[in-house]
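Protein chains: 2
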Amino acid sequence: MNKGYIHIYTGNGKGKTTAAFGLSLRAVCAGKKVYIGQFVKGMKYSEVKAEEYLPNLEIHQFGRSCFIDREPTDEDIKLAQDGFEKCKKIMSNGEYDLVVLDEINIALFFKLLKVEEVIKAINEKASNVELVLTGRYAPQELVDIADLVTEMKEIKHYYQKGVTARKGIES
Amino acid sequence: MNKGYIHIYTGNGKGKTTAAFGLSLRAVCAGKKVYIGQFVKGMKYSEVKAEEYLPNLEIHQFGRSCFIDREPTDEDIKLAQDGFEKCKKIMSNGEYDLVVLDEINIALFFKLLKVEEVIKAINEKASNVELVLTGRYAPQELVDIADLVTEMKEIKHYYQKGVTARKGIES
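Top line first, the protein sequences correspond to chains P and V. Just so we're aligned, residue 0 is where the first sequence starts under numbering that gives the first Met the number 0, counting upward by one. Just so we're aligned, residue 0 is where the second sequence starts under numbering that gives the first Met the number 0, counting upward by one.
Structural data, given as structure tokens:
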């Protein structure tokens, strides 16, 4: 059986979730089954529509919105934890070839989840499952156990010029 | 009319082409038309099948294989230049909302194309066209005129452990 590797996309630059979706698209094209769990996000971004186009792709969201201007509440914690319970099952039953835990690093950074429980779930995952973890601030404990870590580093960004997120590009 | 921005994904890390495909997926989901021109590549990677799943996505390849262990030949130069002529038309006629020039930085690095002609084509593009340039070794002249530049930086890679490219993940 193929060993499933652990990828991390982190850093302050653009392209982390985007790369995870690109990887999902490539995997579906190769006949694989893909599950994407999105932490912290509850917004119906354009990307969520990918389910409509791609067979064997399933997307679930476990959040309400990001915490740019507010503190996470008990409800955010519950949403993340319930979502993670679902992801744990999916990681361990091996039904999906590729599992993306989108923005899980952010969920960890805001203490919605504990890094120990994520490591435990990784250790208990079905061996064939390829796992992708995204989000800024990847904790060192996850970097240590990952097979592949890419930092998306912002060199230049038009948000600096006051451009806001645009439908079909960033959202 | 919306201004189309110029994105660059560069660096030695994983996820450059992958992010461009993720961005293309998101754009198609938002009802946009996407054109992907792949320089240097001629291999029918899984990702090329994305055309079958996504309406409004077109992919053309302008190469044979990468130059890891050989020098580019006149044929490689001709393929790249003919491909770039096609891309120039597509950039200027504004028919596609998002145009990806995949691995164009590599084509420039290997002198299959000249940076001056790429800059000229960018200056002459239809103003609504969002442009994505990918590949290692982005030349400084392109970084200077881009709106958004992300460096994918390799922190850890399993190729270091001797794992080769796997179908549906890297290829």
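Even glycine gets a Cβ: it sits at the ideal position worked out from N, Cα and C.
Inter-residue distance for Tyr4/P and Ser45/V is about 19 Å (C-alpha atoms, whole angstroms). At least one beta carbon of chain P lies nearer than 7 Å to the beta carbon of Glu46/V. For the C-beta of Ala49/P, the chain V residues within less than 7 Å are, from N- to C-terminus, Leu24, Cys28. Taken atom to atom, the span from the alpha-carbon of Val27/V to that of Gly167/P is near 7 Å. Under the Cβ distance rule, Leu111/P does not count among the residues neighbouring chain V, no pair being separated by less than 7 Å. In this structure the segment 5 to 16 of chain P lies against the segment 14 to 26 of chain V, because at least three pairs of beta carbons, one per stretch, are closer than 8 Å. If one requires a minimum length of 3 residues, the beta strand (DSSP E) runs lying completely within the segment 42 to 89 of chain V are 56 to 61, in chain order. The alpha-carbon of Met42/V is positioned some 15 Å away from that of Ala79/V. Within 8 Å of the CB of Ala145/V, the CB atoms of chain P belong to Lys155, in sequence order along the chain. Between Ala120/P and Phe38/P the beta-carbon gap is near 13 Å, outside 8 Å, which marks them as no contact.
In the three-state scheme derived from DSSP, where H, G and I count as helix and E and B as strand, Gly36/V is classed as strand. Straight across, the Cα-Cα distance linking Ile144/P with Ser170/P is about 30 Å.
Separation of the CB atoms of Asp75/V and Gly62/V is rounded to 7 Å, and the pair is thereby assigned contact status at 8 Å. Tyr8/V is positioned such that its CB atom lies closer than 7 Å to that of Thr133/V. The bridge partners DSSP lists for Ile7/P are Leu132/P, Val148/P. At a cut-off of 7 Å between beta carbons, Lys40/P makes no contact with chain V. Ala125/V does not reach chain P, its nearest Cβ partner there being about 16 Å away, counting only Cβ pairs nearer than 9 Å.
Here Leu147/V is near His156/P, since their CB atoms are less than 7 Å apart.
Cα atoms of Leu130/V and Val128/P: separation of roughly 34 Å, rounded to the nearest angstrom. For the segment 81 to 110 of chain V, the set of residues with a beta-carbon nearer than 7 Å to any beta-carbon of chain P is empty.
When Cβ-Cβ separations below 7 Å define contact, Ala18/V makes contact with chain P. For the pair Tyr136/V and Phe108/V, the CB atoms are nearer than the 7 Å cut-off.
For Glu129/P, the C-beta contacts it makes with chain V under 8 Å involve Ile168, in order along the chain.
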